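Visitor:
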Amino acid sequence: MKLKLFFFVLFLSIVLFLTPSCIFRSNQPPLIEKESSGPSGDTLDDCITFEWLVYDDDGYVSLYQYRTDGGEWVDHVAKTSYTWCGYKEGDHTFRSGPKTTKDSLLNR
1 MKLKLFFFVL
11 FLSIVLFLTP
21 SCIFRSNQPP
31 LIEKESSGPS
41 GDTLDDCITF
51 EWLVYDDDGY
61 VSLYQYRTDG
71 GEWVDHVAKT
81 SYTWCGYKEG
91 DHTFRSGPKT
101 TKDSLLNR
């Protein structure tokens with residue numbers, strides 16, 4: 001009987017110790033270490049590859065999105081690079097960002 005009581009109290013102590021850290025911790029946005037690497041200025045390349053690093057300590061990034069020249073956001077699964085080919089001569093912009101397990105899209 002004492003052994004059962006001991007294990008019950010031990011179990012209850014563990015649950016009470018772990019519960020506050022699980023329940024009351026708010027989700028933090030992922031940290032974007034390097035938003036993108038790619039050329040700036042003039043380039044003569046036919047294709048350009050952009051790469052980025054994202055860390056999410058309290059979840060995981062479920063997918064990335066990108067957009068080119070201010071267009072619509074495009075789902076890009078869980079890849080951290082994108083190669084853009086077939087763009088026309090002129091000025092262009094490339095943006096990327098993560099979508100987390102909490103389904104929150106960051107302001108990008």
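Under UniProt numbering, read the sequence shown as residues 1 to 108, first letter to last. Just so it is clear, CB atoms sit at the ideal spot from N, CA and C, and this is done for glycine as well. Treat the numbers as computed from the prediction; the structure is a model and nothing was measured.
Work out the CA separation of H76 and W67 for me, nearest whole Å.
Guide: Sequence check: residue 67 is Arg here, not Trp. Their Cα atoms are separated by approximately 10 Å.
Visitor: Pairing CB atoms from the stretch 80 to 88 with CB atoms from the stretch 45 to 57, are three or more of them under 8 Å?
Guide: In short, these stretches touch, since the Cβ pair count reaches three.
Visitor: Quick one: using the 10 Å Cβ neighbour count with 16 as the cut-off for buried, is L12 buried or exposed?
Guide: L12 comes out exposed.
Visitor: Does the separation of the CB atoms of G97 and Y64 fall below 8 Å?
Guide: Against a cut-off of 8 Å, the Cβ pair of Y64 and G97 comes out as a contact.
Visitor: Would you kindly report the start and end of the unbroken beta strand (DSSP E) that includes W52?
Guide: Note, W52: beta strand (DSSP E), C47 to Y55.
Visitor: Give me the DSSP bridge partner(s) of G97.
Guide: For G97, which the question treats as bridged, DSSP gives the partners Q65.
Visitor: Give the secondary structure of V9 by DSSP, where H, G and I count as helix, E and B as strand, and everything else as coil.
Guide: Of the three classes helix, strand and coil, the one that applies to V9 here is helix, per DSSP.
Visitor: Go to T80, then tell me how far its beta strand (DSSP E) extends in each direction, as first and last residue.
Guide: Run containing T80: none; DSSP gives neither H nor E here.
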